[in-house]
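A.B. asks: Respectively, the protein sequence lines represent chains A and L.
In this text, residue positions in the first sequence follow this note's numbering: the first is 1, and each later residue adds one.
In this text, residue positions in the second sequence follow this note's numbering: the first is 135, and each later residue adds one.
2 protein chains.
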Amino acid sequence: MQLTTYTDFSLRILLTLAARPLNERVTTAYLAEHLHISKNHLSKIVNQLGHLGYLKNTRGKGGGLQLAMPSENINIGKIIGQLEPTLEAVNCQTPACPLISQCQLKGLLNEATNAFISVLAEKNLSDLLPKTSS
Amino acid sequence: MQLTTYTDFSLRILLTLAARPLNERVTTAYLAEHLHISKNHLSKIVNQLGHLGYLKNTRGKGGGLQLAMPSENINIGKIIGQLEPTLEAVNCQTPACPLISQCQLKGLLNEATNAFISVLAEKNLSDLLPKTSS
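#1: Would you list, in chain order, the members of the segment 25-47 of chain A that have their beta-carbon closer than 8 Å to a beta-carbon of chain L?
#2: Give the C-beta separation of A:Arg12 and L:Leu233 to the nearest angstrom, bearing in mind that I take them to be a contact with Cβ-Cβ under 8 Å.
#3: Whole angstroms are fine: how far does the CA of A:Ser43 sit from the CA of A:Ser126?
#4: Tell me, which residues are paired with L:Thr192 by DSSP?
#5: Hey, quick one: how far does the alpha helix (DSSP H) through A:His36 stretch, first residue to last?
#6: Below 7 Å on C-beta distance, what does A:Lys78 contact in chain L?
#7: Ignore the nearest five residues each way along the sequence and tell me which others in L:Thr141's own chain have a CB closer than 8 Å to its CB.
#8: Indicate whether L:Leu201 and L:Leu254 have their beta-carbon atoms separated by less than 8 Å.
#9: Determine the contact status of L:Asn258 and L:Ile179, defining contact as a CB-CB distance below 8 Å.
#10: My assumption, with CB atoms under 8 Å, is that L:Leu93 sits in contact with L:Val160. Please give the rounded CB distance.
#11: In or out: L:Ser144 buried (at least 16 other Cβ within 10 Å) or exposed?
#12: Taking CB distances under 8 Å as the criterion, tell me whether L:Ala152 reaches chain A.
#13: Which chain A residues are close to L:Glu245, counting only those with a beta carbon under 8 Å from its beta carbon?
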């Protein structure tokens, strides 16, 4: 019942950037050191967050990472849904479960996952900011 | 956001037994073959389900596994809470997150996990049974 490390680290990156002034840029090297994440891992995450439209990466002198939108516009339920490889709590196909055609567990788990995401969808990144920047 | 394979397989075992008459016993060899789970893996799960009081394992001729209580008494939220290694959606300590002292993400995720478990806690194993036994 854990989120992937990938999603966890993505949220740490976004929270760190959201705690700074909107126009301030932060280097990937700083983020990697500050968050204790390898540069390689961090680069992959930052690329995907860029593709999803959450981050802007400016190259060259004075460049760096910043949020591409106000933290009020980044919904926690939506982004977790985008980052998690699956929202299915179980995989009935691996190995194929003989109960699959009549089992009602999957439907119940889907309902529970929807409740999980609904709670998260009530909050945006701005709601989770530390009271003082780190 | 997945349950562990261990929890998934535990539920498959319990559902399979619950679909049978209460006094009917099933061998671990049958269960392993029927559910496509290795005997070694299945034995570990069956042992824990026994320790938790859900299964009874009778040895000797005519022996085998059966539920130790009616399926109406096995709560899905409770058993998933017992089987999952953690109900914490993220681990802020690995690596230690510098935001930890002020971050409000963990509290939100705990609230979401509680919503997930609450939906499951509304159902017992008997509510999930296939309409015909497998």
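Built from N, CA and C at the ideal position, the CB exists for glycine as well.
C.D. replies: According to the structure data:
#1: Look at the segment 25-47 of chain A: the residues with a C-beta under 8 Å from a C-beta of chain L are His34, Leu35, His36, Ile37.
#2: A:Arg12 to L:Leu233, Cβ: 6 Å. Contact.
#3: Using only the alpha carbons, I get a separation of about 24 Å.
#4: As DSSP reads the structure, L:Thr192 sits in a beta bridge with L:Gly198.
#5: Membership of A:His36 in any alpha helix (DSSP H) is not indicated, and neither H nor E is assigned to it by DSSP.
#6: None at all; the shortest Cβ gap to chain L is about 13 Å.
#7: Result list for L:Thr141: Ile214, Leu217, Glu218, in chain order.
#8: In this structure, the beta-carbon distance from L:Leu201 to L:Leu254 does not fall below 8 Å.
#9: Not a contact, by the Cβ cut-off of 8 Å.
#10: What is shown of chain L runs 135 to 268, which leaves residue 93 of chain L out entirely.
#11: L:Ser144 should be labelled buried.
#12: No, no contact with chain A.
#13: By Cβ distance, chain A contributes Val119.
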